[in-house]
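Q:
Residue numbers (this note's numbering): 1 to 417.
1) For residue 188, is the classification buried or exposed, using 16 other Cβ atoms within 10 angstroms of its Cβ as the cut-off for buried?
2) Looking at C-alpha atoms only, which residue of 365, 197, 159 and 154 is the closest neighbour of residue 176?
3) What does a CB cutoff of less than 7 Å around residue 313 pick up in its chain, not counting 5 residues either side in sequence?
4) Is it the case that the Cβ atoms of residue 364 and residue 349 are separated by a distance below 8 Å?
5) State the CB to CB distance for the pair residue 171 and residue 91, rounded to an integer number of angstroms; the pair is presumed to be in contact (CB under 8 Å).
6) Out of curiosity, what's the CA-to-CA distance linking residue 368 and residue 19?
7) Tell me the DSSP secondary structure of residue 72 in three-state form.
8) Quick check: what's the CA-CA separation for residue 382 versus residue 145?
9) Would you tell me roughly how many angstroms separate the C-alpha atoms of residue 7 and residue 127, rounded to the nearest one?
10) Have a look at 215, 41 and 109 and flag the residue whose alpha-carbon is nearest the alpha-carbon of residue 55.
11) When you compare only the Cα positions, how much space is there between residue 203 and residue 243?
12) Secondary structure at residue 40, three-state DSSP: helix, strand or coil?
13) What residue range is occupied by the uninterrupted alpha helix (DSSP H) comprising residue 121?
14) Going by the CB atoms, is the gap between residue 166 and residue 208 shorter than 8 Å?
15) Taking the alpha carbon of residue 41 as the reference point, which residue from 50, 371, 89 and 356 has its own alpha carbon closest?
16) For a test of the three-state rule: what should DSSP assign to residue 105, helix, strand or coil?
17) Does the contact criterion of 3 or more C-beta pairs under 8 Å hold for the region 300–312 versus the region 326–340?
18) Which residue or residues does DSSP assign as beta-bridge partners of residue 81?
19) Looking at the C-beta of residue 350, does it have a partner C-beta in chain B at a distance below 8 Å?
20) Please name the residue, chosen from 287, 359, 294 and 269, that lies closest to residue 69 on a Cα-to-Cα basis.
Written as structure tokens, this is what we have:
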């Protein structure tokens, strides 16, 4: 997206350097990366990065300050997973953007999704560092936001995740964490903050206090949980937790589970903003409500109308699971009436391929990562990029291609303010 930097990178690229990048990255992480690493980072203009950071924060504040919305999103939380003790704001936020061309030909960000859930903060810092070193990028290019260096970034992460507790009493919890694709991120985070990694299904409840079992068999009390377990996966895998989610526990949360539902795809129909493609809940669409918001692009087929310009999205799935392009009316009506509140229809947006690669112009999806410490403000700290040339941008959907996958954004140092 910064033409002279792209031209210089492409002219200097060597396959051997990419192979070195992957080897160095996995050696430093201590495990294989569970998804494809892109050959190239993205070079993002200052004003575009700042615009995305500002939009994500603006939308977050608008949702959290909307009592009607917060009440509606609370009702969307499954009854069995309504954890008590949810704070006034999320500790983590992500805002995913695609890029389109506006009427003047400029790149303009459009929201793909908002999610109040942690992302791969730790992994991304290592990936960016290795990109920088292996490819000998200009020292004036940065990847951290807000004028931070890595030491300041990790101090902020420590503040959010530990909140003053002894690291021995803080755990990163996930469903079977040792077999997750994001294990690399868990390992980096645990190593930097000296916290523990634990399977949420293996915690031990004593009274109202959760414990994890140390390698020597000793039960250690947990004072704070950095939660990475997704309710969608708990339900899909029928995970039996060793505690009742609805009952009070003597524990703090860094990333309270309820926020996964409060700020999610559920928010999109409530947002009226130029950067948010219009969306309507499926139950409303099928009942004939709010159809004027969307351009369906209706096409007749032997099986009835197909809506070429719409996406069907499950509200609470993760990593692009269950997204359906151009659904037919028959497919929408086949969803049981009691489940229609769990889906939305959204206007499809033609994202602009902006990364020039040896395999043609490639799309980028840019995620802004925020943290919000207790007693502090929402802060954009880092970004990540996913490169792809298919309909779906997730790394799982671009397996058999080159110059796609997990990537990073570098910005000229003027953005550090």
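Quick reminder that beta carbons are idealized off the backbone N, C-alpha and C, glycines included.
A: In terms of the structure at hand:
1) buried
2) 197
3) 265, 323, 343, 344 and 346
4) no
5) That belief does not hold up - the Cβ atoms of residue 171 and residue 91 are roughly 15 Å apart, past 8 Å.
6) 27 Å
7) helix
8) 6 Å
9) 22 Å
10) 109
11) 9 Å
12) coil
13) 121–134
14) no
15) 356
16) coil
17) yes
18) In DSSP, residue 81 forms no bridge with anything.
19) Going by chain labels, chain B is absent from the structure shown, which holds only one protein chain.
20) 269
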